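In the order they appear, the protein sequences are chains A and B. For the first sequence, my numbering begins at 720 and goes up steadily by one. For the second sequence, my numbering begins at 720 and goes up steadily by one. We put the CB at the ideal spot given by N, CA and C, even for glycine. If you're wondering where the values come from, they're calculated on a predicted model, not measured in any experiment.
2 protein chains.
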Amino acid sequence: MIPSQPNILVYAPEGAEIYADWIRKSGYSSVHSASTADEARALLDGTEILLCWKFPMDEVELPSSLKWIQSMGAGVNDWVSGERFSTDITLTRIVDQFGGPIAEYVFAYLLYLTKDIPRLTAAQKRRSWDPFLTDFLSKKTIGVAGLGSIGKEVVRKARAFDMQVKGLSVTGSSADLVDHHFTPAEWNSFVQDLDYLILTLPLTSQTEGVLNRDLLLTMKSTACVVNVGRGQLIVEQDLVDVMRKGHLRAAVLDVFENEPLLDSHPFWDMPNVYITPHLSGPSIPQEVCQFFIENLQRYSNGLPLMGVVDRTLGY
Amino acid sequence: MIPSQPNILVYAPEGAEIYADWIRKSGYSSVHSASTADEARALLDGTEILLCWKFPMDEVELPSSLKWIQSMGAGVNDWVSGERFSTDITLTRIVDQFGGPIAEYVFAYLLYLTKDIPRLTAAQKRRSWDPFLTDFLSKKTIGVAGLGSIGKEVVRKARAFDMQVKGLSVTGSSADLVDHHFTPAEWNSFVQDLDYLILTLPLTSQTEGVLNRDLLLTMKSTACVVNVGRGQLIVEQDLVDVMRKGHLRAAVLDVFENEPLLDSHPFWDMPNVYITPHLSGPSIPQEVCQFFIENLQRYSNGLPLMGVVDRTLGY
């Protein structure tokens, strides 16, 4: 029994009706879906709850009936910047769902680089039997910036690889998970002896452009950077400049200042830059729906929602 | 103080003197090194302890003074087969040293395949932004054949990736580490629903050729095989045959029936076969020396040695 039947709109450029169907199957009857700004405008009047991905917020005005927006992603910087909507509206994001997949992505590339799979692949093409001593993750130092559900899962896997683990976070609430914890005032000390820096931070006014030329040059020249947070955490031009001078061993980038990455971007051709198309933490419809439906039940029963965004912190 | 000064010979085709030097620095004075059969013959008379790698056992007769042979590797099938030396001589192998490196190798390739890094690399070359839903290790089933120090480390890392873990071993002494344990009489049940089969077994008369056509065809057609044990565990021609018919998603092979892999071997060109030159578990001189010196101290003090080979079991 659903205590009330709120009006729900699902917005997504693709697949919105799939989500709507799943929600209806859970007993909610007033569920509509839209995939364009025009469709959204036509359906928003009276909507109480919006489940959305890439919502055209510049084109569509939100109705006064709206009480809750659930994003299908983990990052909500688009919503939070510029006070786009009344503080009476609750904003939630998906949490605890991207940690596993993103940590798998991170360790896929850490091991790919450490074991030098490119060299092994090239040797096989030449039919060349060429043994060499590969490097190890064990005993290397990994720094995880951001210790939310994603950062924590990276830390957990780093433990299984017997790495030294450093962490940086705003709240320090997970400081006991790492060997050495740093605050945002200590970025320089945090990065200076890392072998691997993993960015899992949200984009906020405090984190935007934090990895700039000065901080990059503070890092060891043999270090690797992996960005699975947001592109704007890194000043891309600074990264291009320092890497062109031979600084850093590799950069693995899943997120960019502009996505899709511009065809003319220098990253594409740089031999130590590994580009992936923002796929490390996929929003899987079934799992997003599970999260949303559990949140809907909490909403209907007047319980606190999961993943509520603190607009002051920005995540 | 070393209670006695046994005559020690280090044999290795390359770098024997490096090992000898380390051993001398630990207080042992009677240490010689050889890198050819002729050198070994000239120095073996009166030798009590032999530390060796790729010893030319078909060309060199062992002296009656010999009491202990320490192999620099984990696999000793060459020594054990054919009753090559008196049972009065103790044979030891390196244990507990290859688990970490080999498990890193295994997960490097599991993640490389699962995250489809080849597809991502090819897309970058074409400057193509082409997001797709990658697969996950999480919830997949891994089967680890052999639960010695190497297999146990693979199991430990598999836990960090939230995999289902099955294991097969002779003794069952580590059965509690896996979700489901199988004996060597249960190979068919063991392999039938695995997503990944990892071979970490020693080569014995029981394990030689165990992965033959019948057992391969018992596996799921989407399964991956990783061999970090010994090449002869797999009937290579059977693997070629079933994979040419589209069975198995991939085979990652670090060991082969004949090494170096023959230039004419079909594996080189097969698109889903990943060949590496027996480098997953490197014998690192410093770590081998540490192990040997600890064993030497035990030997000098009449304590049981580490890594003693049971010649009946063959490892």
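1. Give the straight-line distance between the Cα atoms of A:F975 and A:K773, rounded to the nearest whole angstrom.
2. Just to confirm, are B:T902 and B:L887 a CB contact at a threshold of 9 Å?
3. So if I threshold CB-CB distances at 7 Å, which residues from the region 963-992 of chain A count as touching chain B?
4. Do the region 816-823 of chain A and the region 814-822 of chain B touch if we need at least three Cβ pairs shorter than 8 Å?
5. Could you check where the beta strand (DSSP E) with A:A864 kicks off and where it finishes?
6. Output needed for A:E872: all residues of its chain with C-beta closer than 8 Å, excluding positions within five of it in sequence on either side, in chain order.
7. By DSSP's criteria, A:C943 is part of a beta bridge. Which residues make up the other side?
8. Within the 9 Å Cβ cut-off, does B:K744 reach chain A?
9. Taking the alpha-carbon positions, what's the B:Y1018 to A:N991 distance?
10. Can you tell which of B:T809, B:I742 and B:D757 has its C-alpha closest to the C-alpha of B:G1026?
11. Can you check which of these residues, B:E955, B:V959, B:I727 and B:Q911, is closest to B:K939 by C-alpha distance?
12. Got a sec? Which residues, its chain only, sit under 8 Å from B:E905 by beta carbon, not counting five neighbours each side?
13. Which residues share a DSSP beta bridge with B:I1035?
14. Which stretch, first to last residue, makes up the beta strand (DSSP E) that contains B:K885?
15. So if DSSP puts B:I788 in a beta bridge, which residue, or which two residues, is it bridged to?
16. A:T860 and A:T833 look like a contact to me (Cβ under 8 Å); what is the Cβ gap, rounded to whole Å?
17. By the criterion of Cβ-Cβ separation under 7 Å, what are the contact partners of B:I1012 in chain A?
18. Taking C-alpha atoms, which residue in A:F1011, A:N1020 and A:V1028 lies nearest to A:A739?
19. When you compare the CB of A:W848 with every CB in chain B, is at least one pair closer than 9 Å?
20. Run through DSSP, which three-state label would B:S752 get?
21. Measure the C-alpha to C-alpha separation of B:L713 and B:I869 and round it to an integer number of angstroms.
22. Taking A:A1049 and A:G1000 to be in contact with their CB atoms under 8 Å, please state how far apart those CB atoms are, rounded to whole angstroms.
23. Which one of A:I994, A:Q789 and A:D757 has the shortest CA to CA distance from A:E780?
24. Taking Cβ positions only, does A:S857 come closer than 9 Å to chain B?
25. By alpha-carbon positions, which one of B:P996, B:S857, B:R845 and B:P985 ends up nearest to B:R949?
26. Name, in chain order, the residues that DSSP records as bridge partners for A:F901.
27. Might you give, ordered along the chain, the residues of its own chain that have their beta carbon closer than 7 Å to the beta carbon of B:N946, omitting 5 neighbours on each side?
28. Indicate whether at least one CB of chain A lies closer than 9 Å to the CB of B:Y824.
29. Using a Cβ-Cβ cut-off of 6 Å (strictly less than) and excluding sequence neighbours within five positions of B:Y730, which residues of its own chain qualify?
30. State yes or no: is the C-beta of A:L916 within less than 9 Å of the C-beta of A:D881?
31. Between A:F817 and chain B, is there a C-beta pair that is closer than 9 Å?
32. Under a Cβ-count criterion, where at least 16 other Cβ atoms within 10 Å of its own Cβ denotes burial, should B:E955 be classed as buried or exposed?
33. Pick out whichever of B:N1014, B:G1033 and B:D1029 has its Cα sitting closest to the Cα of B:P725.
34. Excluding the 5 residues flanking B:E736 on each side, which residues of the same chain have their C-beta closer than 6 Å to its C-beta?
35. Just checking my contact of B:L935 with B:V961 at CB under 8 Å: how many whole Å lie between their CB atoms?
36. By the 9 Å beta-carbon criterion, what residues does the region 830-843 of chain A contribute toward chain B?
With the given structure in hand:
1. Position 256 of the first sequence, counted from the start, is the residue given in the question as residue 975 of chain A. Position 54 of the first sequence, counted from the start, is the residue given in the question as residue 773 of chain A. Approximately 16 Å, taken between the alpha carbons.
2. Along the second sequence, read from residue 1 onward, the residue named residue 902 of chain B stands at position 183. Along the second sequence, read from residue 1 onward, the residue named residue 887 of chain B stands at position 168. For B:T902 and B:L887, yes; Cβs fall inside 9 Å.
3. P979, L980, D982 and W987
4. The way I'd put it, the region 816-823 of chain A doesn't touch the region 814-822 of chain B; fewer than three beta-carbon pairs between them come closer than 8 Å.
5. Taking the first residue of the first sequence as 1, we reach residue 864 of chain A at position 145. Note, A:A864: beta strand (DSSP E), T860 to A864.
6. Here residue 872 of chain A is taken as the residue at index 153 of the first sequence, counted from 1. The answer, listed in chain order, is G818, G819, I821 and A822.
7. To locate residue 943 of chain A, count along the first sequence from 1; it is residue 224. A:C943 pairs with A:Y915 and A:A969.
8. Walking along the second sequence from the start, residue 744 of chain B turns up at place 25. Not closer than 9 Å to any Cβ of chain A, the Cβ of B:K744 fails to qualify, so no.
9. Position 299 of the second sequence, counted from the first residue, corresponds to residue 1018 of chain B. Position 272 of the first sequence, counted from the first residue, corresponds to residue 991 of chain A. C-alpha separation (whole angstroms): 49 Å.
10. Here residue 1026 of chain B refers to the residue found at position 307 when the second sequence is read from its first residue. Of the candidates B:T809, B:I742 and B:D757, the one whose C-alpha sits nearest the C-alpha of B:G1026 is B:T809.
11. On the second sequence, position 220 is the one that residue 939 of chain B refers to. When only C-alpha atoms are compared, the closest one is B:Q911.
12. Within the second sequence, the letter at position 186 stands for residue 905 of chain B. For B:E905, the CB contacts under 8 Å within the same chain, skipping 5 residues up- and downstream, are L887 in chain order.
13. Chain B is shown only over 720 to 1034; residue 1035 of chain B falls outside these bounds and no answer can be derived.
14. For the purposes of this step, residue 885 of chain B is identified with residue 166 of the second sequence, where counting begins at 1. Run containing B:K885: Q883 to L887, per the beta strand (DSSP E) assignment.
15. Indexing the second sequence from 1 puts residue 788 of chain B at position 69. The partner list for B:I788 (beta bridge, DSSP) reads B:L769 and B:L810.
16. Looking up residue 860 of chain A in the first sequence gives position 141. Looking up residue 833 of chain A in the first sequence gives position 114. By a beta-carbon distance limit of 8 Å, A:T860 does not contact A:T833. Their separation comes to about 13 Å.
17. Within the second sequence, numbered from 1, the residue matching residue 1012 of chain B stands at position 293. None at all; the shortest Cβ gap to chain A is about 21 Å.
18. As a first step, residue 739 of chain A is located in the first sequence; it is residue number 20 there, counting from the start. Taking only the C-alpha atoms, the option nearest A:A739 is A:F1011.
19. Within the first sequence, residue 848 of chain A is the residue found at index 129, counting from 1. Output row for A:W848: interface = yes.
20. Residue numbering aside, residue 752 of chain B sits at position 33 when the second sequence is read from its first letter. Reduced to three states, the DSSP call for B:S752 is strand.
21. Because chain B spans 720 through 1034 in this model, residue 713 of chain B falls outside it and cannot be assessed.
22. The structure shown has nothing for residue 1049 of chain A, since chain A only spans 720 to 1034.
23. For the purposes of this step, residue 780 of chain A is taken as the residue at position 61 of the first sequence. The residue with the shortest Cα to Cα distance from A:E780 is A:D757.
24. Here residue 857 of chain A corresponds to residue number 138 of the first sequence, with the count starting at 1. With 9 Å as the cut-off, A:S857 counts as an interface residue toward chain B.
25. Here residue 949 of chain B refers to the residue found at position 230 when the second sequence is read from its first residue. The shortest Cα separation from B:R949 among B:P996, B:S857, B:R845 and B:P985 belongs to B:P996.
26. Along the first sequence, one-based indexing puts residue 901 of chain A at 182. Paired residue(s): A:L887.
27. Taking the first residue of the second sequence as position 1, residue 946 of chain B is located at position 227. Around B:N946: L918, L952, I953, L972, D973 and V974.
28. Along the second sequence, one-based indexing puts residue 824 of chain B at 105. So yes, B:Y824 belongs to the interface.
29. The residue given as residue 730 of chain B occupies position 11 in the second sequence. Cβ neighbours of B:Y730 beyond the five flanking positions: A753, A759, C771 and F774.
30. Working through the first sequence from its first residue, we reach residue 916 of chain A at position 197. Working through the first sequence from its first residue, we reach residue 881 of chain A at position 162. Cβ atoms of A:L916 and A:D881: not closer than 9 Å.
31. The residue given as residue 817 of chain A occupies position 98 in the first sequence. Under the Cβ criterion of 9 Å, A:F817 is not counted among the residues facing chain B.
32. As a first step, residue 955 of chain B is located in the second sequence; it is residue number 236 there, counting from the start. Looking at its Cβ environment, which holds 16 or more other Cβ atoms inside 10 Å, B:E955 is buried.
33. Looking up residue 725 of chain B in the second sequence gives position 6. That would be B:N1014, whose Cα lies nearest to the Cα of B:P725.
34. Residue 736 of chain B sits at position 17 when you count from the first residue of the second sequence. Hits under 6 Å: S752.
35. By 1-based counting over the second sequence, the position of residue 935 of chain B is 216. By 1-based counting over the second sequence, the position of residue 961 of chain B is 242. That belief holds up - the Cβ atoms of B:L935 and B:V961 are roughly 5 Å apart, short of 8 Å.
36. L830, Y831, T833, K834, I836, P837, L839, T840, A842 and Q843
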